[in-house]
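First the structure, in the form of structure tokens, and then the observations on it.
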Amino acid sequence: MLSDRLFALLLRCLPHHLLSRIWWRVVRSRRIWLKNRLIRWVINRYQVDLQEAESANLQDYPNLNAFFVRALKPGVRPVAKDPAAALSPADGTVSQFGSLVSDGVEKGSYRLVQAKDHSFTLLDLLGGDQQMARRFHGGEFCTIYLSPRDYHRLHMPISGRLTRMIHVPGRLFSVQESTARTIPRLYARNERVVNLFETDAGPVAMVLVGAIFVSSIETVWHGVVNLYGERSPLWHVDYPMEGCRAVSIERGEEMGRFNMGSTVILVAAKGAIEWQGDLTAGTPVRMGEALGRWQSGGVGSGDIGPGYQTQ
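Each residue of the sequence shown is one higher than the one before, starting from 844 at the first, in our numbering.
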């Protein structure tokens, strides 16, 4: 559509990081008149269901960002009872899902579908980490888009131990449906945080993709990964499997959050997930629902390699 292409052109011209830094300050303003007006606008514009929120009183939210990452009432997101269920890590809409496919150009190169006529390589998504990418060759992925109305906390789809976190710098394009259709390699160009876990179903990566006005991404073990939406280089942290620095998170537990909405991409090893038969692109999902079933010991479940072990 012409309107989509014009919007994409506008996005290319915008100073993404500057606007995100400005928005960071706005959404954290504690001026009562401003934060209440902003919260009411978001509620009305995006039809936010406050009945699910732990608090429906606007006075309990010191700023707009606190409202975006609001907690929910206990029990409103029950986790699927089947212990083998591959849980949805977030509220949102399934953008794409399925198997990673060989691009037929470079040996060992696999791609994820972004939208019709658009795809990007697994290696690019993972920040160029070839050792990590090899463990997911022929694997599975599911991309979930979180809109401004959605619950913004992210949860584990399976119990796992963290072995590596990578911050990948990049642009901050919008990640809504229209830009996914028009901007090539969108998710591999935007700033993102790659988190690698070892699980009973093999390696699982949770890739948290930033977007314009997503002023920061947080994880429960690190806190804010890139404060203020500032530009920063690619960096990574390795975590041990045992000891005081080890990070182990159970299925359904919170692992991170977006300070506003964005996209999370779940990547699993070959043969690790059997998707639900009724799952399709465009399906709305809630955190804790089953996207499919884990199959024990995916193909990538072998030696995690010395690069992911630290003392």
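Yeah, the Cβ is synthetic: ideal placement off N, Cα and C, and Gly gets one too.
Here the structure is a predicted model, which is why all the values come from computation and not from measurement.
Sequence-distant residues of the same chain with beta carbon closer than 8 Å to GLU897, five excluded per side
ARG913, ALA914, LEU915 and LYS916
Count the other CB atoms, across all protein chains shown, that sit within 10 Å of the CB of GLU1117; report buried if there are 16 or more and exposed otherwise.
exposed
Sorted by chain position, which residues of the same chain lie with C-beta nearer than 7 Å to ARG1100's C-beta, five sequence neighbours on each side aside?
VAL912, HIS995, ARG996, LEU997 and GLU1061
Kindly indicate which residue of SER942, VAL1107 and LEU966 has the alpha-carbon position closest to the one of VAL956.
SER942
From ARG1129, GLY1125 and GLU1132, residue whose alpha carbon lies closest to that of GLN939:
GLY1125
Of all the beta strand (DSSP E) runs that stay within the bounds of the segment 980–1028, which reach a length of 3 or more residues?
983–988, 996–998 and 1003–1011
Backbone secondary structure at ILE875 - three-state DSSP:
helix
From which residue to which residue does the beta strand (DSSP E) around ASP1081 run?
It spans 1078–1081 - the beta strand (DSSP E) in which ASP1081 sits, taken as one unbroken run.
Rounded to a whole number of angstroms, what is the C-alpha to C-alpha distance between VAL1036 and VAL922?
25 Å
Given a threshold of 16 other Cβ atoms within 10 Å of its Cβ, counted over all protein chains shown, does THR986 qualify as buried or as exposed?
buried
Among ASP972, VAL891 and TRP884, whose alpha-carbon lies nearest the alpha-carbon of SER990?
VAL891
Contacting residues, own chain, Cβ-Cβ under 7 Å from GLY1003 (five flanking each side not counted):
PHE1040, GLU1041, THR1042, VAL1047 and ILE1092
Going by C-alpha to C-alpha distance, which of ASP1121, PHE910 and VAL1063 sits closest to ALA899?
ALA899 has its Cα closest to that of PHE910, out of ASP1121, PHE910 and VAL1063.
Could you give the residue range of the alpha helix (DSSP H) that holds LEU968?
965–968
Verify whether the separation of the beta carbon atoms of GLU1132 and SER931 is less than 7 Å.
yes
Whose CA, out of GLU895, THR964, ASP934 and ARG1094, lies closest to the CA of VAL944?
THR964
Given ALA933 as reference, the closest of MET1130, ARG1136 and GLY1114 once Cα atoms are compared
MET1130
The segment 870–883 in contact with the segment 961–975 per 3-pair CB rule at 8 Å
no
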